[in-house]
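Engineer: Let me begin by handing over the structure; questions about it come next.
Number of protein chains: 2
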Amino acid sequence: MRTRDENKVDLIYQKAIEMIVKEGLDGFGVNKLAKAAGVSPATIYIYYKDREDLIMQVTLRATNHMMEESMRDFDPEMSFEEGMKVQWRNRAKYFLEYPLETEFIEKMRYSRHYDKVFEQLHKIFKETMGRFHHNALNRKELLKLPFEVFWSVAFAPLYQLIKFHTQEGSWGHKKYTFSDESMQQTLSLVLKALKP
Amino acid sequence: MRTRDENKVDLIYQKAIEMIVKEGLDGFGVNKLAKAAGVSPATIYIYYKDREDLIMQVTLRATNHMMEESMRDFDPEMSFEEGMKVQWRNRAKYFLEYPLETEFIEKMRYSRHYDKVFEQLHKIFKETMGRFHHNALNRKELLKLPFEVFWSVAFAPLYQLIKFHTQEGSWGHKKYTFSDESMQQTLSLVLKALKP
DNA sequence: AAGATAAGTGAGCGTTCGCTCTTTTATGGA
DNA sequence: TCCATAAAAGAGCGAACGCTCACTTATCTT
């Protein structure tokens, strides 16, 4: 039998992300994607059941990738400060290396597909981060807080910084540029907030 | 001449938000909206130039409303802590009173329409908040930080809390519920981070 | 009461959409 | 070498899309 062309799959993946970031979920069409990737519409339906399935699978793949990168060299047994530094560094690195995927994931987080896609990912994820949270509490390196409050203070500022960086300069004349320096600065504020 | 039925405009506004929150920007159609609002498609084009213009205007109206509510009783000459409390209280109140609009605005913030719509709003907004930021710095009630870093730490956690509240319980078995208590708790962490 | 005017309608236009059918092409195993 | 098989293509289906036109309806002014 004829062998599957994996380049084609990757091209579809890449173009789909590109198109959704540029034109949004509306404005994203299967025929358009086929043309952009230089394949027949029918080919896309070999890999994906339908439009919905395509969006889901692409989102799942991108998110999985980001999660893996975020968790590199991370161990929930680490000290609170050490663990936070690793996570922030990893996320920032991923964002700088894969800006398109980052923007795509952020878009999808606010789409109606979020719940289904992220549910299974977060099962494993929350287990690890839950352990990390638990350990930090036990060692009294972290204030006693509900997990969601902890999370909101610990990571939301980083994502907002990334958003500032990504978006056009609507907030002033000179655009904000994400840097290791301002990341470190923000992280130190967050640690100050969360440590007893 | 026949008088304009303002109820009809408001109904279109309300149904559009409902539909976009439920089905996303894809899945939102003019014909569908017309049916949902019980008007003719042609009627919609009396008020709006085209689909894009409709999305823009609805987003603009919703965001304007949120901004007004956020700024109620706020004065950039307030002390830093007082100002932060007012802003957090106002935003939380708006969110609890208008959960649909809140979800809609958050969705739109991550759509491709964001830049155009929010640009003009943020001009006034950033002026006021810039003054507030500036005053707090002068009075040494706030650490010396770039505006974006300040903003990320000051408000992103609140929006993340709201997102936790809104979304389904993917993060665990028991769903997080936003409350005045956890808002106060989170705000106190944020103030701790930002004060010298 | 009647005319002027803008609000509002319903049918339907051309186009694009998601998707499939039939056919062709490439490759592994016999 | 050639057959079996799955990949891939291209044309095009019905449905839904954004949008418009010819027309009716309600309300103001006089």
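Residue numbers (UniProt numbering), protein chains in the order written: chain A, 1 to 196; chain Y, 1 to 196.
Backbone N, C-alpha and C fix where the C-beta goes; we use that ideal spot for every residue, glycine too.
Here the structure is a predicted model, which means the values were calculated and not measured.
1) Where residue 1 (chain A) and residue 44 (chain A) are concerned, what is the direct C-alpha to C-alpha distance, given to the nearest angstrom?
2) With DSSP run on the structure shown, which of helix, strand or coil describes residue 190 (chain Y)?
3) Can you tell me which of the three DSSP states residue 197 (chain Y) falls into?
4) Which two residues bound the contiguous alpha helix (DSSP H) that contains residue 152 (chain A)?
5) Just reading off the alpha helix (DSSP H) that residue 196 (chain Y) is part of, what are its end residues?
6) So, does the stretch 67 to 85 of chain A touch the stretch 129 to 144 of chain A, judging by three or more C-beta pairs under 8 Å?
7) Report the option in Y:24, Y:8 and Y:68 whose CA atom is closest to the CA atom of residue 48 (chain Y).
8) Can you tell me the Cα-Cα spacing of residue 178 (chain Y) and residue 58 (chain Y), whole angstroms?
9) CA-CA distance, residue 197 (chain Y) and residue 187 (chain Y)?
10) Does the beta-carbon distance from residue 92 (chain A) to residue 19 (chain A) come in below 8 Å?
11) Under 8 Å Cβ to Cβ from residue 75 (chain A), same chain only, skipping five residues before and after it: list those, please.
12) According to DSSP, is residue 45 (chain A) helix, strand or coil?
13) For residue 206 (chain A), name the three-state secondary structure that DSSP assigns.
14) Work out the CA separation of residue 27 (chain A) and residue 106 (chain A) for me, nearest whole Å.
15) Between the C-alpha atoms of residue 124 (chain A) and residue 31 (chain A), what's the straight-line distance to the nearest angstrom?
16) Put residue 50 (chain A) into one of helix, strand or coil per three-state DSSP.
17) Using a Cβ-Cβ cut-off of less than 9 Å, list which residues of the stretch 104 to 115 of chain Y approach chain A; keep chain order.
18) At a CB-CB cut-off below 8 Å, which residues of chain A make contact with residue 192 (chain Y)?
19) Going by the beta-carbon positions, is the gap between residue 142 (chain Y) and residue 194 (chain Y) smaller than 8 Å?
20) Hey, quick one: how far does the alpha helix (DSSP H) through residue 39 (chain A) stretch, first residue to last?
21) Along the stretch 37 to 60 of chain A, what residues have a CB closer than 8 Å to any CB found in chain Y?
22) Within the same chain, show all residues whose beta-carbon is closer than 7 Å to that of residue 140 (chain Y), passing over the 5 residues directly before and after it, in chain order.
23) Does the distance from the CB of residue 112 (chain A) to the CB of residue 101 (chain Y) come in under 8 Å?
24) Counting C-beta neighbours from all protein chains within 10 Å, is the total for residue 3 (chain Y) 16 or more, i.e. buried, or is it exposed?
25) Using a Cβ-Cβ cut-off of 7 Å (strictly less than) and excluding sequence neighbours within five positions of residue 21 (chain A), which residues of its own chain qualify?
26) Who are the neighbours of residue 83 (chain Y) on chain A, taking C-beta pairs under 9 Å?
27) Considering only their Cβ atoms, is the gap separating residue 56 (chain A) from residue 116 (chain A) smaller than 8 Å?
28) With H, G and I counted as helix, E and B as strand and the rest as coil, what does DSSP make of residue 80 (chain Y)?
29) May I ask which residues mark the beginning and end of the alpha helix (DSSP H) holding residue 126 (chain A)?
30) Cα-Cα, which of Y:13, Y:175, Y:73 and Y:127 is closest to residue 60 (chain Y)?
31) Starting from residue 5 (chain A), trace the alpha helix (DSSP H) in both directions and tell me its first and last residue.
32) For residue 40 (chain A), count the other beta carbons within 10 Å of its own beta carbon; 16 or more makes it buried, fewer makes it exposed. Which is it?
33) Under the rule that 16 or more other beta-carbon atoms within 10 Å means buried, what is residue 15 (chain A), buried or exposed?
34) What residue range does the alpha helix (DSSP H) around residue 103 (chain A) cover?
Structural biologist: Taking the structure as given:
1) Within the model, the alpha-carbon separation for residue 1 (chain A) versus residue 44 (chain A) is close to 19 Å.
2) Here residue 190 (chain Y) sits in helix by DSSP.
3) What the structure shows of chain Y is the stretch from 1 to 196, and residue 197 (chain Y) is not part of that stretch, so it cannot be assessed.
4) For residue 152 (chain A), the enclosing alpha helix (DSSP H) starts and ends at 147 to 166.
5) For residue 196 (chain Y), there is no enclosing alpha helix (DSSP H), since its DSSP letter is neither H nor E.
6) Proximity of the stretch 67 to 85 of chain A to the stretch 129 to 144 of chain A meets the contact definition, three or more beta-carbon pairs being nearer than 8 Å.
7) Looking only at Y:24, Y:8 and Y:68, the smallest Cα-Cα distance to residue 48 (chain Y) is reached by Y:8.
8) One Cα belongs to residue 178 (chain Y), the other to residue 58 (chain Y), and the distance between them is close to 27 Å.
9) A query on residue 197 (chain Y) cannot be resolved here, the shown segment of chain Y reaching from 1 to 196 and no further.
10) No, the Cβ-Cβ distance between residue 92 (chain A) and residue 19 (chain A) is not below 8 Å.
11) Answer for residue 75 (chain A): 83, listed in chain order.
12) Under the three-state reduction of DSSP, residue 45 (chain A) is assigned to helix.
13) Beyond the ends of chain A as shown, which are 1 and 196, falls residue 206 (chain A); an answer cannot be given.
14) Straight across, the Cα-Cα distance linking residue 106 (chain A) with residue 27 (chain A) is about 18 Å.
15) Roughly 35 Å separates the two Cα atoms.
16) Secondary structure at residue 50 (chain A): coil, using DSSP grouped into helix, strand and coil.
17) Result list: 106, 107, 108, 109, 110, 111, 112, 113, 114 and 115.
18) Around residue 192 (chain Y), the beta-carbon contacts reaching into chain A at under 8 Å are 192 and 193.
19) Yes, they are a contact pair.
20) Run containing residue 39 (chain A): none; DSSP gives neither H nor E here.
21) For chain Y, none of the residues of the stretch 37 to 60 of chain A brings a beta carbon within less than 8 Å of one of its beta carbons.
22) For residue 140 (chain Y), same chain residues with a beta-carbon under 7 Å away, outside a window of 5 residues either side, are 196 in chain order.
23) Taking 8 Å as the Cβ cut-off, residue 112 (chain A) and residue 101 (chain Y) do not qualify as a contacting pair.
24) Here residue 3 (chain Y) is exposed, its C-beta having fewer than 16 other C-beta atoms within 10 Å.
25) Contacts found: 100, 103, 104 and 107.
26) Within chain A, no residue comes near residue 83 (chain Y); the closest Cβ sits about 18 Å away, beyond 9 Å.
27) Judged by their CB atoms, residue 116 (chain A) and residue 56 (chain A) are nearer to each other than the 8 Å cut-off.
28) In the three-state scheme derived from DSSP, where H, G and I count as helix and E and B as strand, residue 80 (chain Y) is classed as helix.
29) For residue 126 (chain A), the enclosing alpha helix (DSSP H) has its first and last residue at 114 to 138.
30) Among Y:13, Y:175, Y:73 and Y:127, the Cα nearest to that of residue 60 (chain Y) belongs to Y:13.
31) Run containing residue 5 (chain A): none; DSSP gives neither H nor E here.
32) Exposed, by the Cβ-count rule.
33) Residue 15 (chain A) comes out buried.
34) Segment 99 to 109, the alpha helix (DSSP H) holding residue 103 (chain A).
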